[in-house]
Ligand SMILES: NC(=O)c1ccc[n+]([C@@H]2O[C@H](COP(=O)([O-])OP(=O)(O)OC[C@H]3O[C@@H](n4cnc5c(N)ncnc54)[C@H](OP(=O)(O)O)[C@@H]3O)[C@@H](O)[C@H]2O)c1
Ligand SMILES: NC(=O)c1ccc[n+]([C@@H]2O[C@H](COP(=O)([O-])OP(=O)(O)OC[C@H]3O[C@@H](n4cnc5c(N)ncnc54)[C@H](OP(=O)(O)O)[C@@H]3O)[C@@H](O)[C@H]2O)c1
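Protein chains in written order, with UniProt numbering: chain H, 1 to 379; chain U, 1 to 379.
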């Protein structure tokens, strides 16, 4: 077979920078910035450079070792200078990358294509990576811009699937959610709005609550209520007034604890209550009457499981639908409030890259406590 | 149209005795024994005499006014002598009755047939009743004997549906349940045994625990563990040993509280956790990880809802299947440990019938705290 490498044989793989860890623990303790060389390209692999990668809550749980989707520990990055082990994992699970070289047996992918990760655990907090075509998914991400492409596959897709897979939502139906200002929550608001589905949005109270309400309204939120208001005895009447007596079909919970328990009361007969996160780190309580008499189903959703159990075609279809919805909502401020962090500059030391990263980590989280932090790679 | 009443026109409806209430409250306060006359038979109605009716936990909740399946309050029984209202409801939801007269337009039912109730809320703690054919279901109940027929439609059917409708159980699969010595729990054990499905049975500890274990084993229980043992740190290993690493597919909960929370830990990946009761009157706690990562589904089951949403044909099919399972298990001591209470003797006063009933109520409940009490009617 003739060699058809689509680049000069003088192609020299770049030096990569990455946020890595060699053992589980508090991210502040175990994360290091690291420099390593990409392995030579082979006929079946590709090289890519990351453009942007967000910091998501699950990334942190993964480093802590409490997340079931494990990172990939590999010897290929070389050990840390002060390391105990030879194997390292790169943090981050989401991001958009541009292909910079492809082996001659690689089909359907070419230099310049933008790709996102096809599975959790690849490691996206880095400037460059070697991969196989199976690791990535190519789609028309350039249409929606860098930041949205970088944050498309986890949060908007989670919102989309949860709105689509558990109940059939029709125009005028009602969905209730807590943690409504999380990135997922904001996507829920926007997708529901695009479908004319009403959202009742629970957020934590804060001094500038009116600003947050205005912002969420601008995304398309129908009603907003704080966790404190939710506890009030008048809430039942209020929500009845909002819904005009229609049942709330779907509840989405990423918080847990008291607010999650409280929220379940507002689901209607045979409603579905989907838990996808536990930001408060508290479990919630289920009264038997919800289950037995109201027939409420308490289910969970995990995007990683969906990705594992669905085909590339289904993933591409989902991405394209979500992109269409995003374009539809172009007038809104975008899928999430975020902050860009320029990262990876070759002239910066590993110490400085690490400090920059930990700074971003501190500020991460939508809404009150921060903004989604997105590493924008520099070369 | 010619009159074809299948009885002498001299037929005089019997005087009926019933346990009634005119308002919700503590059963001890609101229940009265009452004497009333059946209304005359019409071409479309039937008269029946009850043979046996159990006291079930839900009957009590219904009288307390905390059960969503409401009793039928009607003026047809006449008011109580000391009553405030004209409308009365008869307690009890389950029982077997013999038809003693049918109107001439009634098809498929004849004098001498045994019937059970087609829906909740009919009122079965009485000697006689007038009904329409729609109120009752006729099946070959004589085959299985009086007590089993009287207690067939609620507990064994609940056990059967829960084992059948949520997961597909194959030979060798595992089910875990708490309140395993409840009547439903005993039916679960027996039906599972008939299907070669293994049961892990949680019961409350008690001084004579070995007797209970022996009894449940005789029904077909695979493993038995007390609530106290369940809390021990070794339980995980023990259950792993029992299951040989197979996942537990189904959990059945009628208790709630701590034991229900604890039990959820032993369900395997994508298991289904069905709640059908809350004997401890405590809610239980759900950790998000069970929902998100283990994909455990927390659902509820309510026989009354199933009955409402399924056809007479489906009900008859279920009853016949359950009867077959019961016959299959004839060598076992029967579907539940019970105690017969002779009730309704025409020569006894209403005061005496009431005292007798309240006595039985005190003793009701399977296992440690009592035995299922079954009114056996006297004439
Ligand atoms: N199951 C899945 O497949 C899946 C997919 C995507 C995300 N998730 C999960 O969904 C959750 C949100 O993710 P995200 O990326 O959207 O998050 P994000 O944008 O970083 O937002 C975090 C949200 O959590 C809230 N929050 C933080 N600490 C809290 C606490 N102690 N009590 C109550 N609320 C608290 C914040 O509200 P304030 O403004 O009040 O701080 C904010 O709404 C995370 O748990 C994440 O792991 C799950
Ligand atoms: N959803 C439905 O369609 C449906 C259908 C049938 C029954 N049920 C429900 O299922 C439950 C059992 O009914 P049943 O007729 O089988 O009951 P039963 O025969 O009267 O037995 C009662 C059971 O509850 C246990 N129990 C009582 N108090 C308890 C407490 N405080 N904590 C823990 N366990 C306690 C008893 O265990 P001990 O021996 O330790 O006292 C016994 O195992 C009830 O809640 C009933 O309403 C529901």
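Glycine included, every Cβ here is placed at the ideal spot set by N, Cα and C.
Note that the structure is a prediction, hence the values are computed from the model and not measured.
Straight across, the Cα-Cα distance linking residue 317(U) with residue 90(U) is about 28 Å.
Not one heavy atom of ligand 2 falls within 7 Å of the beta-carbon of residue 254(H).
Pairing residue 166(U) with residue 298(H) gives a Cβ-Cβ distance that is not under 8 Å. If you look at residue 290(U), you'll find it in the alpha helix (DSSP H) that goes 288–292.
Taken from the Cβ of residue 57(U), every heavy atom of ligand 1 lies 7 Å or farther away. Close to residue 275(H), with beta-carbon spacing below 7 Å, are these residues of chain U in chain order: 288, 291, 292. Close to chain H, meaning a Cβ-Cβ distance shorter than 8 Å, is no residue of the segment 152–167 of chain U at all. Taking the C-beta atoms as reference points, residue 115(H) is found no nearer than 8 Å to residue 100(H). Taking the Cβ atoms as the reference, residue 221(U) lies roughly 11 Å from residue 202(U), outside the contact range of under 8 Å. One alpha carbon belongs to residue 289(H), the other to residue 97(H), and they sit about 49 Å apart. Per DSSP, residue 61(U) lies in no beta strand (DSSP E); the unbroken alpha helix (DSSP H) holding it starts and ends at 57–64. Taking 7 Å as the cut-off, the C-beta of residue 11(H) does not count as close to any heavy atom of ligand 1.
A distance of 8 Å or more separates the beta carbons of residue 228(U) and residue 256(U).
Of the other Cβ atoms in all chains shown, fewer than 16 fall within 10 Å of the Cβ of residue 105(U); this residue is therefore exposed. Per DSSP, the unbroken alpha helix (DSSP H) holding residue 357(U) starts and ends at 350–363. In the three-state reduction of the DSSP assignment, residue 337(H) falls in the coil class, being assigned neither a helical nor a strand state. Excluding residues up to 5 positions away in sequence, 184, 187, 276, 301, 303 lie with their Cβ nearer than 8 Å to the Cβ of residue 158(H) in the same chain. Excluding the 5 residues flanking it on each side, residue 268(H) has same chain C-beta neighbours closer than 7 Å at 247, 248, 249, in chain order. The closest heavy atom of ligand 2 lies less than 7 Å from the beta carbon of residue 301(U).
In terms of CA proximity to residue 279(U), 253(U) leads the group 253(U), 270(U), 152(U). Membership of residue 157(H) in the alpha helix (DSSP H) is indicated by the continuous run 155–165. With a cut-off of 8 Å on Cβ pairs, the segment 126–136 of chain U is in contact with the segment 44–60 of chain U, counting three or more such pairs. Only residues of its own chain outside the window of five on either side were considered, and among them 197, 249 have a CB closer than 6 Å to the CB of residue 173(U), listed in chain order. Proximity of residue 297(U) to chain H, defined by a Cβ-Cβ separation below 8 Å, is satisfied. Put simply, the CB of residue 81(U) is far from chain H, with every gap to its CB atoms at 8 Å or more. Beta bridge pairing from DSSP links residue 250(H) with 175(H), 272(H). Cβ-Cβ distances below 8 Å link residue 175(U) to 163, 169, 188, 192, 197, 198, 199, 200, 248, 249, 250, 251, 252 in the same chain, with the five nearest sequence neighbours on each side left out; the list follows chain order. Proximity of residue 30(U) to chain H, defined by a Cβ-Cβ separation below 8 Å, is not satisfied. For residue 134(U), no beta strand (DSSP E) run applies, since DSSP gives it neither H nor E.
Under the DSSP assignment, residue 209(H) falls in the alpha helix (DSSP H) whose first and last residues are 209–219. Contact annotation, residue 22(U) with residue 109(U): C-beta distance approximately 31 Å; criterion of less than 8 Å not satisfied. Residue 184(H) is outside the set of residues whose beta carbon lies under 8 Å from a beta carbon in chain U. Excluding the 5 residues flanking it on each side, residue 266(U) has same chain C-beta neighbours closer than 6 Å at 176, 239, 248, in chain order.
For residue 308(U), the enclosing alpha helix (DSSP H) begins and ends at 303–309. Chain order gives the chain H residues near residue 256(U) as 288, where near means a beta carbon separation below 7 Å. The beta-carbon of residue 302(H) is placed less than 8 Å from the nearest beta-carbon of chain U.
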